[in-house]
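Student: Residue 570 in numbering that gives the first Met the number 0 is what sits at position 571 of the sequence shown, and the numbering runs on without skipping anything.
Every residue gets a Cβ at the ideal spot worked out from N, C-alpha and C, and that includes glycine.
First, the structure itself, so that you have it in front of you.
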Amino acid sequence: MALVFSGIPWTVPSFIVDVLSTLHTGHNAVDLYLRLLLAIDAEVVDREIIHTQAESERNNRIKDTMREHCVLDLTNSWHNILVEYEKSHPSLVCQCHDVIGAYICWIDITLIANNRFVCKLVDHLKEPLLREAAADCIHEVVTKGMDPLAKTQLIESFVTVLDSAGVLKPVDDDDSDFLVKLARLINGIGVQLILAWQKLEKKEVDKRKMIRCAVENKVSLLLTFMASDYDDISAAVFDFARDYIQLIKQSGSLSEVEQGLLENMLYVVITKTKYDESYNFEQAGEEEAMFDDYRKKLKVVFDNLAALIPEVVLKVTKEFVVNTLGVWQACGYEEVEAAVSLLYNLGEALPASHGNHFCGPPPTLPQDPQALQVAQVKTSTMQEMMRLLVSSGVSGHSHPAVSLQFFECVARYEKFFACECQFVPGILTAFLDTRGMRNPNPRVRSRTSYLFSRIVRCLKIHIVAYTEHVLSQLAPLLALAPPAPGGGLSSSGLLTPDDQLYVYEAAAMLVVAGNTSAQETQMLMRNLLAPVFSEVTRLAETLALERDPLMQVSIAKSICHATAVTARTSKAFSNQNTIQACGCINLYLEALQLFINCLNKDVGPFLQTIFVPLVSAISSALSEPVEDNEEEEKRTRRLLQRGYYLFLTTIVSNNLLDTLAALDTTTLHQVLASVVQGAVEFPDPVAQKNCFVILRRLTEAWGQKDSGPPGFVEFLYTQVVPACFSAPLKTTFDLNDAQTILALHESVTCLQWVYKRRGEELVSYLRSEYLPKMELSPGLIAEYCRALTSDAKFFRNYSKMFFQRAKS
Numbered sequence: 000m001a002l003v004f005s006g007i008p009w010t011v012p013s014f015i016v017d018v019l020s021t022l023h024t025g026h027n028a029v030d031l032y033l034r035l036l037l038a039i040d041a042e043v044v045d046r047e048i049i050h051t052q053a054e055s056e057r058n059n060r061i062k063d064t065m066r067e068h069c070v071l072d073l074t075n076s077w078h079n080i081l082v083e084y085e086k087s088h089p090s091l092v093c094q095c096h097d098v099i100g101a102y103i104c105w106i107d108i109t110l111i112a113n114n115r116f117v118c119k120l121v122d123h124l125k126e127p128l129l130r131e132a133a134a135d136c137i138h139e140v141v142t143k144g145m146d147p148l149a150k151t152q153l154i155e156s157f158v159t160v161l162d163s164a165g166v167l168k169p170v171d172d173d174d175s176d177f178l179v180k181l182a183r184l185i186n187g188i189g190v191q192l193i194l195a196w197q198k199l200e201k202k203e204v205d206k207r208k209m210i211r212c213a214v215e216n217k218v219s220l221l222l223t224f225m226a227s228d229y230d231d232i233s234a235a236v237f238d239f240a241r242d243y244i245q246l247i248k249q250s251g252s253l254s255e256v257e258q259g260l261l262e263n264m265l266y267v268v269i270t271k272t273k274y275d276e277s278y279n280f281e282q283a284g285e286e287e288a289m290f291d292d293y294r295k296k297l298k299v300v301f302d303n304l305a306a307l308i309p310e311v312v313l314k315v316t317k318e319f320v321v322n323t324l325g326v327w328q329a330c331g332y333e334e335v336e337a338a339v340s341l342l343y344n345l346g347e348a349l350p351a352s353h354g355n356h357f358c359g360p361p362p363t364l365p366q367d368p369q370a371l372q373v374a375q376v377k378t379s380t381m382q383e384m385m386r387l388l389v390s391s392g393v394s395g396h397s398h399p400a401v402s403l404q405f406f407e408c409v410a411r412y413e414k415f416f417a418c419e420c421q422f423v424p425g426i427l428t429a430f431l432d433t434r435g436m437r438n439p440n441p442r443v444r445s446r447t448s449y450l451f452s453r454i455v456r457c458l459k460i461h462i463v464a465y466t467e468h469v470l471s472q473l474a475p476l477l478a479l480a481p482p483a484p485g486g487g488l489s490s491s492g493l494l495t496p497d498d499q500l501y502v503y504e505a506a507a508m509l510v511v512a513g514n515t516s517a518q519e520t521q522m523l524m525r526n527l528l529a530p531v532f533s534e535v536t537r538l539a540e541t542l543a544l545e546r547d548p549l550m551q552v553s554i555a556k557s558i559c560h561a562t563a564v565t566a567r568t569s570k571a572f573s574n575q576n577t578i579q580a581c582g583c584i585n586l587y588l589e590a591l592q593l594f595i596n597c598l599n600k601d602v603g604p605f606l607q608t609i610f611v612p613l614v615s616a617i618s619s620a621l622s623e624p625v626e627d628n629e630e631e632e633k634r635t636r637r638l639l640q641r642g643y644y645l646f647l648t649t650i651v652s653n654n655l656l657d658t659l660a661a662l663d664t665t666t667l668h669q670v671l672a673s674v675v676q677g678a679v680e681f682p683d684p685v686a687q688k689n690c691f692v693i694l695r696r697l698t699e700a701w702g703q704k705d706s707g708p709p710g711f712v713e714f715l716y717t718q719v720v721p722a723c724f725s726a727p728l729k730t731t732f733d734l735n736d737a738q739t740i741l742a743l744h745e746s747v748t749c750l751q752w753v754y755k756r757r758g759e760e761l762v763s764y765l766r767s768e769y770l771p772k773m774e775l776s777p778g779l780i781a782e783y784c785r786a787l788t789s790d791a792k793f794f795r796n797y798s799k800m801f802f803q804r805a806k807s
């Protein structure tokens, strides 16, 4: 309806007068009137709608016209509606509240913030059917943009009236929907006062002090609502809490009263951190997700408090943790979990250098006696709480929430165990027995398997002394599960396949970290992986005989999992403890060969089926025209081309050349030509290296007479040999780049393999035909041919100098 006149602002006053004249006819006319005003707001005022410049100018003209001619009539009509229909038609009154809340942002505040309106709004806060809408309306009034002092006076006058009416602390009210609205109002009052304080200049000391006092007087209301049993009521005042903490931080001063208020807020946070007894840990739903989100917001308040009053937060948290863990058997799980959770949260709330809370103040700390004392108190307090955590027996709590939080805490504060190694055996036992990876609860088992790998990685030098015991305890958990009927991958009793990856990684880290000889390390690693290899061999034999398609899928997934756990153990090696230094190269080569052998006979036919369609699709995609300015598309093409060469490299490197040999002559020629083109033309040294790897592998396999497809020897001389010279001579082939040098080495190796397969025939061809075309002197040609027939290292070095001279 607003669209009818939105383009003709000068007609609005008369239109409004016409509508107002109908209100006496009854509630239907009033309903239409209020809907009309809300439609005007949506079209003209609503800031969430993006308007064009012309529309914005039109909307401003409409508002100016309404301010000048009819706003007073509008506000009078609103008051009449509030009075006349509050008993007979409460829904109309609520709608009128919505209209006032929408229009207050652009009309004169005094038209609403006066005795007749305020008294009526306050009366409505006492009426069950009206109070939610009234609270929202007052919220819009107090959040209207205004001068800081005027805003403060408005809020204070409202608060005085509301407090006198007794509506600000409805402690016995069980209408949670209304209390959420009231909490939102209190939040708006607090946030607006703080915003007014921030807008004042620092030199306006008296005014800032007055507003700060006004804020302080509202904090008791903040704490009342924040402590509500209903989380949505509590969460509604979090912005006020956050801004209040920020105000004190910005002011640079903290009075005793303010410290007391902040400490009370901390107690509220601790109390509200506890799980509700109705929380369903077995089947979390929407309510559980809402509480998890609420708890995250609580943590933000906790972190803000810790940044402002760290000593108080540390003291109060310690009292709660010590008092709870000291008698945890007599407490509900909610109390115990909250205590461990708060200890965990201290790690982020009170950060330490490199996460080390347990080794005293850092050497970079200024030598201020008070600062040193504070740091020492923090260290001793954290040590005391951690000692109590690991020695209290709370790790044996039956509730999974406590178990999970315990192990999270242990993993976060792993540096504690580096300082106090006497607790390491007990923690290892907790991870390994029914408290951790053998816990009845699958969530606990899954999470602790991951945390165990983290602990081992961080504390391996303190754990290696227990390697033999740990590995013996892990053995049942490392056993691979048999294939599951139905095409799935079964779990190995207690752990899922993903969990098992972490356990294998942890076991391998212990083996590699041990102060043992390479021979002993290799033996231990072989003992770890031998059962995996045996199972893979058995599964491969079973797969060859299995006829059930679903069971075939299950067996294949089991082999894939065995591959994954084997690969995961390689993460245990590092630059200090390399695979070679630990004597494990042969072990992993055996593993690679085993897995390839398992798949070769199945991969070959599959590759032959999909090879031509796949290569055709890639060629088609790469041949599509692309605009010069389409950089993202160009990058995608380069990645696709690199992936294509990597795909071919994988085929030739895994003895799957039958896939290429089975191609018809035309298709094979196209594939080989694309490889030569990549080696010479594609300006990507990684891809060029792969192309030369492909050409080398093909030369090894097919370079001798009658060993390859027809015409391959001719291909060597017409394509491969020229590519070995053309590529390094390209301007894009940067001989100062490390990746390019690797590509050069591969091209040199490729040419030497041509020599190994063709012998003097190649030397004669180079000497008499190819090199003379490059206009080289006879002496340089002879020198090059001698280098070609030398050892590989000499020829690599010579080739680099040869091409550097040629390009200079």
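Tell me the residue span of the alpha helix (DSSP H) that contains Val762.
Tutor: Start and end: 759-764.
Student: From this set, Ile460, Asp432, Ile462, which residue's C-alpha is nearest Ser448's C-alpha?
Tutor: Taking only the C-alpha atoms, the option nearest Ser448 is Asp432.
Student: Flag this pair as touching only if the segment 776-785 and the segment 729-748 have three or more C-beta atom pairs under 8 Å; answer yes or no.
Tutor: Taking 8 Å as the limit for Cβ pairs, the verdict is that the segment 729-748 does not touch the segment 776-785.
Student: Would you say Leu199 and Met264 are within 9 Å of each other, going by their C-beta atoms?
Tutor: It is not a contact, given that the beta carbons lie outside the stated cut-off.
Student: Please say whether Arg456 and Ala894 have beta carbons closer to each other than 9 Å?
Tutor: In the structure as shown, the chain starts at 0 and stops at 807, and residue 894 therefore has no counterpart that could be examined.
Student: In whole angstroms, give me the CA-to-CA distance for Ser767 and Gln803.
Tutor: Cα-Cα distance, rounded: 23 Å.
Student: What does the alpha-carbon distance come out to for the pair Asn514 and Ala478?
Tutor: Between Asn514 and Ala478, the C-alpha separation is close to 26 Å.
Student: Alpha carbon to alpha carbon, what distance is there between Leu261 and Gly25?
Tutor: Cα to Cα, Gly25 sits roughly 53 Å from Leu261.
Student: Check this for me: beta carbons of Val179 and Val121, under 9 Å apart or not?
Tutor: Taking 9 Å as the Cβ cut-off, Val179 and Val121 do not qualify as a contacting pair.
Student: With distances taken from CA atoms, which of Glu407, Val692, Pro439 is nearest Ser452?
Tutor: The option with the nearest alpha carbon to Ser452 is Glu407.
Student: Return the bridge partner residues of Leu741 from the DSSP annotation.
Tutor: Paired residue(s): none; Leu741 is not in a bridge.
Student: By a C-beta neighbour count over all protein chains shown, 10 Å radius and 16 as the cutoff for buried, is Glu131 buried or exposed?
Tutor: By the 10 Å Cβ count, Glu131 comes out buried.
Student: Counting only the same chain and skipping the five closest in sequence on each side, list residues whose C-beta sits under 7 Å from that of Thr698.
Tutor: Answer for Thr698: Leu715, Val719, Cys749, Trp752, Val753, Arg756, listed in chain order.
Student: Measure from the alpha carbon of Phe157 to the alpha carbon of each residue in Asp172, Val685, Pro147, Ile137, then state which is nearest.
Tutor: Answer by Cα proximity: Ile137.
Student: Count Cβ pairs between the segment 564-582 and the segment 524-537 that sit closer than 8 Å; are there 3 or more?
Tutor: Judged by Cβ distances under 8 Å, the segment 564-582 makes contact with the segment 524-537, as three or more pairs qualify.
Student: Between Ala686 and the rest of its own chain, which residues show a CB-CB distance below 7 Å, the 5 nearest in sequence each way excluded?
Tutor: So the qualifying residues of the chain are Gln640, Arg641, Tyr644, Gly677.
Student: Decide if Met0 is buried, meaning its Cβ has at least 16 other Cβ atoms within 10 Å, or exposed.
Tutor: Confidence in Met0 is poor, its pLDDT being 46 and thus under 50, which makes the residue's placement unreliable; the coordinate value appears in the next sentence. Counting Cβ neighbours within 10 Å, Met0 comes out exposed, since fewer than 16 surround it.
Student: In whole angstroms, what separates the C-alpha of Glu774 from that of Ile780?
Tutor: Spanning the two alpha carbons is a distance of roughly 10 Å.
Student: Judging by CA-CA distance, which residue of Pro777, Ser807, Thr380, Val747 is the nearest neighbour of Tyr797?
Tutor: The shortest C-alpha separation from Tyr797 is found at Val747.
Student: Could you tell me the distance, in whole angstroms, from the CA atom of Ala283 to the CA atom of Lys62?
Tutor: One C-alpha to the other measures close to 50 Å.
Student: Starting from Ile48, follow the alpha helix (DSSP H) in both directions and report where the run begins and ends.
Tutor: Looking at the DSSP string, Ile48 is not in any alpha helix (DSSP H), and its letter there is neither H nor E.
Student: Which first and last residues belong to the alpha helix (DSSP H) in which Gln94 is found?
Tutor: That run of the alpha helix (DSSP H) goes 89-102.
Student: Using only the alpha-carbon positions, how far apart do Trp9 and Arg66 sit?
Tutor: Low per-residue confidence applies at Trp9: pLDDT is 48, beneath 50, and the placement is therefore not dependable enough to give any value.
Student: Are the beta-carbon atoms of Glu333 and Trp327 separated by less than 9 Å?
Tutor: Against a cut-off of 9 Å, the Cβ pair of Trp327 and Glu333 comes out as no contact.
Student: For Pro484, tell me which candidate among Ser557, Ile617, Gln499 has the shortest Cα-Cα distance.
Tutor: When only C-alpha atoms are compared, the closest one is Ser557.
Student: Among Thr316, Asp291, Met289, Phe290, whose alpha-carbon lies nearest the alpha-carbon of Asp302?
Tutor: Of Thr316, Asp291, Met289, Phe290, the residue nearest in Cα terms is Thr316.
Student: Three-state secondary structure (DSSP) at Leu494?
Tutor: Leu494: strand per DSSP, three-state reduction.
Student: Around the Cβ of Ala53, are there at least 16 other Cβ atoms within 10 angstroms (buried) or fewer (exposed)?
Tutor: Answer is exposed; the Cβ neighbour count stays below 16.
Student: Could you tell me if Ser13 is buried or exposed, where buried requires 16 or more neighbouring beta carbons within 10 angstroms of its beta carbon?
Tutor: Exposed, by the Cβ-count rule.
Student: Is His200 helix, strand or coil by DSSP?
Tutor: Reading off the sequence shown, one finds Glu at residue 200, where the question assumed His. Here Glu200 sits in coil by DSSP.
Student: Taking only the alpha-carbon atoms, compute the straight-line gap between Gly57 and Ile39 and give it to the nearest angstrom.
Tutor: Just to set this straight, residue 57 is Arg in the shown sequence, not Gly. Arg57 and Ile39: Cα-Cα distance of roughly 13 Å.
Student: Using C-beta distances below 6 Å, list every residue in its chain close to Ala590, excluding the 5 sequence neighbours before and after it, in chain order.
Tutor: Result list for Ala590: Thr565, in chain order.
Student: In three-state terms, what does DSSP make of Glu281?
Tutor: In the structure shown, Glu281 sits in coil (DSSP, three-state: anything other than H, G, I, E or B).
Student: Along the chain, where does the alpha helix (DSSP H) containing Val166 start, and where does it finish?
Tutor: Run containing Val166: none; DSSP gives neither H nor E here.
Student: Since Ala507 contacts Met524 with CB under 8 Å, what's their CB separation in whole angstroms?
Tutor: Indeed, because the Cβ distance is near 7 Å, the residues count as touching under 8 Å.
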